[in-house]
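Numbered according to this note's numbering, the sequence shown terminates at residue 184, and the numbering increases by one at each position without gaps. This report concerns only the one structure given below.
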Amino acid sequence: MNKGYRIFKGSRREAVAEMPQAHVCPTSFGQAVYDRRAQLGWSQGELAERAGLTVAAIDRIEEGGATPSLHLLCLLNGAMGDQLTPS
């Protein structure tokens, strides 16, 4: 067994509680996308068109339901004038 795989001894629930909160990044990223889009006065449709994505994809990103890839970050940042700054 790979010793690095499971270093926490205890229940799975305890192990998950000890893990860094992976959901913070997509949520923060989604909030940054929403904030910048609102600052520009764009609808989700306008951002989707400029970034080459669907409105559903923009909605998922803003709601934190999509994990941002580097490619996705670059598409959105370029569409928003290189002013996307997650908090």
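Glycine included, C-beta positions come from ideal geometry on N, C-alpha and C.
Buried versus exposed, by CB contacts within 10 Å (16 or more), residue i
{"i": "L173", "result": "buried"}
{"i": "L127", "result": "It is worth fixing the name first, because residue 127 is Gly in this sequence and not Leu. Under this definition G127 is a buried residue."}
{"i": "Q180", "result": "exposed"}
{"i": "N99", "result": "For N99, the pLDDT reaches just 47, beneath the cut-off of 50, and the residue's location in the model is therefore unreliable, leaving the point undetermined."}
{"i": "A153", "result": "exposed"}
{"i": "L144", "result": "buried"}
{"i": "A129", "result": "buried"}
Range of the contiguous alpha helix (DSSP H) that encloses residue i
{"i": "H180", "result": "The question names His, yet the displayed sequence has Gln at residue 180. Per DSSP, Q180 belongs to no alpha helix (DSSP H) and is neither H nor E."}
{"i": "G142", "result": "141-148"}
{"i": "E159", "result": "152-159"}
For residue i, the nearest candidate out of the options (CA to CA)
{"i": "Q141", "options": "A129, R133, G149, D156", "result": "D156"}
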